[in-house]
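Report on the following structure.
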Amino acid sequence: MSSGNVHLMMDCGGAIEEMAVALPPALFVEPNEPSLKSFASLIASLPRALNLLIISEKSSFGKLRKWLEQIPPACQISIIDTPSDGEMTKDDIWIQDPFLVSNRDNQRVFIDVVSERSNSHARWLQAASADTLEEHRIHLAGGNMLVGPDFRIVGTDSIKKTVALAQNDRHWKQGLLAHQEFDARHMSLFGYQKGDVTEPSSVAEMDEEYFQAPFHVDLAVSLTGLQNEQGKPILFVAEVHSTADTEGPLLPLFARRLDASAGRLEAQGFCVLRNKIPYVAPPPQQNGGPPPAWAYWHAYNNVIVENQIRSGEDSPMVWLPHFSDVEEHLQPFDELNRQAWESLGFQAIPVYGATYLASHGGSIRCASKVLKRQEINTR
116 MSSGNVHLMM DCGGAIEEMA VALPPALFVE PNEPSLKSFA SLIASLPRAL
166 NLLIISEKSS FGKLRKWLEQ IPPACQISII DTPSDGEMTK DDIWIQDPFL
216 VSNRDNQRVF IDVVSERSNS HARWLQAASA DTLEEHRIHL AGGNMLVGPD
266 FRIVGTDSIK KTVALAQNDR HWKQGLLAHQ EFDARHMSLF GYQKGDVTEP
316 SSVAEMDEEY FQAPFHVDLA VSLTGLQNEQ GKPILFVAEV HSTADTEGPL
366 LPLFARRLDA SAGRLEAQGF CVLRNKIPYV APPPQQNGGP PPAWAYWHAY
416 NNVIVENQIR SGEDSPMVWL PHFSDVEEHL QPFDELNRQA WESLGFQAIP
466 VYGATYLASH GGSIRCASKV LKRQEINTR
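Here the sequence shown stands for residues 116 to 494, where the numbers follow my numbering.
Below, the structure written as structure tokens:
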């Protein structure tokens, strides 16, 4: 694929016409699999006009259909089988990361990229459609990029990992150029430098290397598709609290890093609003073991956004992770994040059960992939 020939699917804008999720057979082995509650809440909330593709293996189709009957969804459902050589793992729920969606000459293209989860979703979708499948040797997990109408935000870890992919002595500037040329939109970076968060004792101790926290930009940043009066794109960037108190102390580990990352986004021309999220222990795992560290991060920024007002609605919609159905003490955070989006004119659609996805390291954007939107100009 030639550089600059990619026109990536936006993370805001028109009404979503087609979306995909992946539900591996492992989710249907045990009755009442917790993470299925998250998917059920999301699927139940999707509009009637939306077509949802569910990737699974034929061996689980019967259980999948029975599960869908219990929801039941209003949206249109198409079940996609993996090819005979395709074997899904439980990790395949994270459909956002392994591939990107592009449009070239009014034809959809699935782009296999290198990511922490280089799975086969694009090949499975392409096998069931007339769409084109291409590969690109760039490290760019879907979760580490957000795409607006005329800009992209890419986490700095993706640049560093693209550099590491090369067999020669590729350096930062070459990796940065590879990402800049990937899509014609202006690219901004999400990350910070050591000098942003520490006070060096000398100029010699200043480290110009970029770092990133958390590991994917969509865990801490949300596009709104809106602009302020100065024409700057409006973003939410997480402000992380160390307790379940919305007025409690910030978590030092992330506060300085996210403050620095937010400041750099502002310097790159964005209007940054801060939303409160908690970094607190979730309930114990099913096996009684302690929850993993990533489950402490409650990713309210991991949203699905529309800017087009659908027929019969009064405002555009945002699908927003909610945790208080399981972690009741987090209801104030649910409410504050709803209010933050509603203050911008959105209808916030709560997706409950997000606790169960967090235990695997993500949330609803991580576990879904927008494949087609209506073309509109964002506000």
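We put the CB at the ideal spot given by N, CA and C, even for glycine.
Keep in mind it's a predicted model, so treat the numbers as computed, not measured.
{"Item": "With DSSP collapsed to three states, give me the class of V312.", "Value": "helix"}
{"Item": "Relative to the C-alpha of I253, which candidate in A279, W239, P447, A237 has its C-alpha closest?", "Value": "A279"}
{"Item": "What three-state label does DSSP hand I186 in the structure shown?", "Value": "coil"}
{"Item": "Name the DSSP bridge partner or partners of G270?", "Value": "F305"}
{"Item": "Would you call the CB atoms of P447 and V466 closer than 8 angstroms?", "Value": "no"}
{"Item": "If we ignore side chains and look at the alpha-carbon of each, how far apart do K487 and D126 end up?", "Value": "11 angstroms"}
{"Item": "Identify which residue in F176, A256, K181, Q185 has its Cα closest to the Cα of T277.", "Value": "A256"}
{"Item": "Rank Q308, S439, W456 by C-alpha distance to the C-alpha of D449 and give the top, closest one.", "Value": "S439"}
{"Item": "Excluding five sequence neighbours on each side, which residues of the same chain lie with their C-beta closer than 6 angstroms to the C-beta of Q191?", "Value": "N166"}
{"Item": "Would you call the CB atoms of L380 and F305 closer than 8 angstroms?", "Value": "yes"}
{"Item": "Roughly how many angstroms lie between the CA atoms of L142 and D227, to the nearest whole one?", "Value": "25 angstroms"}
{"Item": "State whether the segment 351-361 contacts the segment 385-394, with contact taken as three or more CB pairs (one from each stretch) at a distance under 8 angstroms.", "Value": "yes"}
{"Item": "Quick check on the burial criterion: 16 or more other C-beta atoms within 10 angstroms. Buried or exposed for P399?", "Value": "exposed"}
{"Item": "Would you decide whether A469 is buried or exposed? Buried here means 16 or more other CB atoms lie within 10 Å of its CB.", "Value": "buried"}
{"Item": "Terminal residues of the continuous beta strand (DSSP E) containing N166?", "Value": "166-171"}
{"Item": "Whose C-beta lies closer than 7 angstroms to the C-beta of H444 among residues of the same chain, with five residues either side of it excluded?", "Value": "A359"}
{"Item": "Which value, in whole angstroms, describes the spacing of the CA atoms of F330 and E250?", "Value": "23 angstroms"}
{"Item": "Spatial neighbours of V499 within its chain, please: C-beta separation below 8 angstroms, excluding the five flanking residues on both sides.", "Value": "What the structure shows of the chain is the stretch from 116 to 494, and residue 499 is not part of that stretch, so it cannot be assessed."}
{"Item": "Under DSSP, the beta strand (DSSP E) around R434 begins and ends at which residues?", "Value": "Checking the sequence, you will find Trp at residue 434 rather than Arg. Counting along the chain, the beta strand (DSSP E) containing W434 begins and ends at 432-436."}
{"Item": "Which residues bound the beta strand (DSSP E) around T470?", "Value": "Where T470 is concerned, there is no enclosing beta strand (DSSP E), although the alpha helix (DSSP H) it sits in stretches over 469-473."}
{"Item": "Just the Cα atoms here: how many angstroms apart are A410 and L334?", "Value": "12 angstroms"}
{"Item": "Use the C-beta contact count for H236: other C-beta atoms within 10 angstroms, 16 or more gives buried, fewer gives exposed.", "Value": "buried"}
{"Item": "Using 8 angstroms as the Cβ pair cut-off and three pairs as the minimum, do the segment 138-158 and the segment 181-188 touch?", "Value": "yes"}
{"Item": "So, with DSSP's three-state summary, where would you put V332?", "Value": "helix"}
{"Item": "What runs of the alpha helix (DSSP H), each 4 residues or longer, lie entirely inside the segment 227-295?", "Value": "236-242, 271-280, 287-295"}
{"Item": "Would you grab the beta carbon distance between F297 and V121 for me? Rounded to a whole angstrom, and I think it's under 8 angstroms.", "Value": "6 angstroms"}
{"Item": "If you reduce the DSSP assignment to three classes, tell me which class G378 lands in.", "Value": "helix"}
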